[in-house]
Amino acid sequence: MRLALTADTNEGLASRMAARYDNAPFFVLVDIDPQDPAPRRVRGVENPWWGAHAAPEVATFLPPMRVSVVITGSIAPRDARYLQAAEIYAVTGAAGTVSDGVRAFLAGELDGAEACLQGMEREALESAAGIVDASDADRIGQDAEDVADEIDDITEEWHRRRRR
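With the numbering used here applied, the sequence shown covers 162 to 325.
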């Protein structure tokens, strides 16, 4: 999962969090696994629309970087809707350093973090389990029966030929 934390400075995990999404000069991208909180990769990127109050553009800037969650101090409802349209979670209430923001997010201490983590955990489980609906389950069951019948036929043929 890739987090984008709003930052006033570009110093990796030591960066100071930006108080507002719409006025962040940098995003610090942090790749994490919710099951293993150690950051896997950290890099800062300059917000090309810093100071321009260009929320729609920022919301289109983040998806190509595979951002799943934006963590910030605060975000205007309009800006949160732009992120939501881009299928990016907005989590607020972060302060201190980027490292503090990541820790608070993973602990579920930020506004929206708990629902975000639960939603992502559910998505990961569905992806890993290959969730199937009832019609898929019936088809898979029939396919399994067909394969079992073919194995029986092959086994019988093998025994028959062996007896010759």
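We put the CB at the ideal spot given by N, CA and C, even for glycine.
Annotation: W211 to L267 spans about 27 Å, alpha carbon to alpha carbon. By the CB criterion at 8 Å, S235 and R201 fall outside the cutoff. A direct Cα-Cα distance of roughly 11 Å separates G257 from T233. Per DSSP, P198 lies in no alpha helix (DSSP H); the unbroken beta strand (DSSP E) holding it starts and ends at 197 to 207. Here M178 is buried: its Cβ has 16 or more other Cβ atoms, across all protein chains shown, within 10 Å.
Proximity to V203 across A237, I193, Y243 peaks at I193, based on C-alpha coordinates. Sequence-distant partners of P217 (beyond 5 residues in either direction) whose C-beta falls short of 8 Å from its own C-beta, in its chain, are Y243. The Cβ atoms of D183 and D240 sit closer than 8 Å to each other.
The beta carbon of A185 is closer than 8 Å to those of T167, A168, D169, A179, N208, W211, T233 in its chain, skipping five residues each way along the sequence. Along the length of the stretch 207 to 274, whole alpha helix (DSSP H) runs at least 4 residues long occupy 216 to 222, 238 to 246, 259 to 267, reported in chain order. Ranking F187, V191, V219, R163 by CA distance to the CA of S260 puts V191 first. Around the beta carbon of V230, 16 or more other beta carbons sit within 10 angstroms, so the residue counts as buried. Inclusion of G173 and F187 in the CB contact set at 8 Å is not warranted, their separation being larger than that value. For A247 against A255, the beta-carbon gap comes to about 19 Å, at or over 8 Å, which does not count as contact.
Between the alpha carbons of E311 and A305 lies a distance of about 10 Å.
Taking C-beta atoms as the reference points, V228 and R300 fail to come closer than 8 Å.
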